[in-house]
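Notes for the one structure printed next.
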Amino acid sequence: MAGPAPVGRPTPPLPPDIPASPGEDPLRAAAREFEAILLETVLRQMRETAEALGGEDRGVVHGVYASWMDRELARALAAGKGLGLGEVLYRSLAGAARPAAPGAAHPDGAAGAAHPDGAAAPPEDREEGSSPP
């Protein structure tokens, strides 16, 4: 005799990762996928809250299709410009992975950074106690 049926909604299988497009940086693809996962979570929570407040129980099949819709909508949003979080994450991680070039300006624009015209920063732009490069 079979045991009791599991309680709650079944979890749909995880989708395959979004592959990087030919020539696309794998780091950029990972940042885009992270943004899609975040968007999917937000969309799912919004939908589940709306359903709970509405008091409707539409059954297991509806839950599976709704979760697929959340995932695909999130991927479509992230594939475009999305929220911009994927791009911010990519720039942050890509910058952390590259060593600074000798003589490059400090990332936070701190004292001693050269102006675009190549001249040293004027004294009023430098922190107190710092000397010109």
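Everything in the sequence shown is counted per the working numbering, starting at 2 for the first residue and increasing by one.
For each residue, glycine too, the CB sits at the ideal point set by N, CA and C.
Source: prediction; values computed, not measured.
Stretch-stretch touch, CB-based, cutoff 8 angstroms, three pairs: the stretch 21-39 with the stretch 76-96: yes
Among Ala97, Leu94, Leu78, whose alpha-carbon lies nearest the alpha-carbon of Leu44?
Selected option, being the one with the closest Cα: Leu78.
Problem set entry | Environment of Glu41 [buried if 16+ CB atoms lie within 10 Å] | buried
key: Nearest candidate by alpha-carbon position, reference Gly96, set Ala51, Arg29, His63   = Arg29
- CA-to-CA distance, Ala98 to Ala115, given in whole angstroms: The predicted position of Ala115 is uncertain, since its pLDDT is 47 and thus under 50; no value can be drawn from it.
Q: Please classify Arg99: does DSSP put it in a helix, a strand, or coil?
A: Arg99: coil per DSSP, three-state reduction.
Residue range of the alpha helix (DSSP H) that includes Leu54 | 27-55
Whole angstroms are fine: how far does the CA of Pro23 sit from the CA of Val65? Rounded to the nearest angstrom, the two C-alpha atoms are 32 angstroms apart.
Compute the distance between the beta-carbons of Leu74 and Leu39, then report whether it is under 9 angstroms.
no
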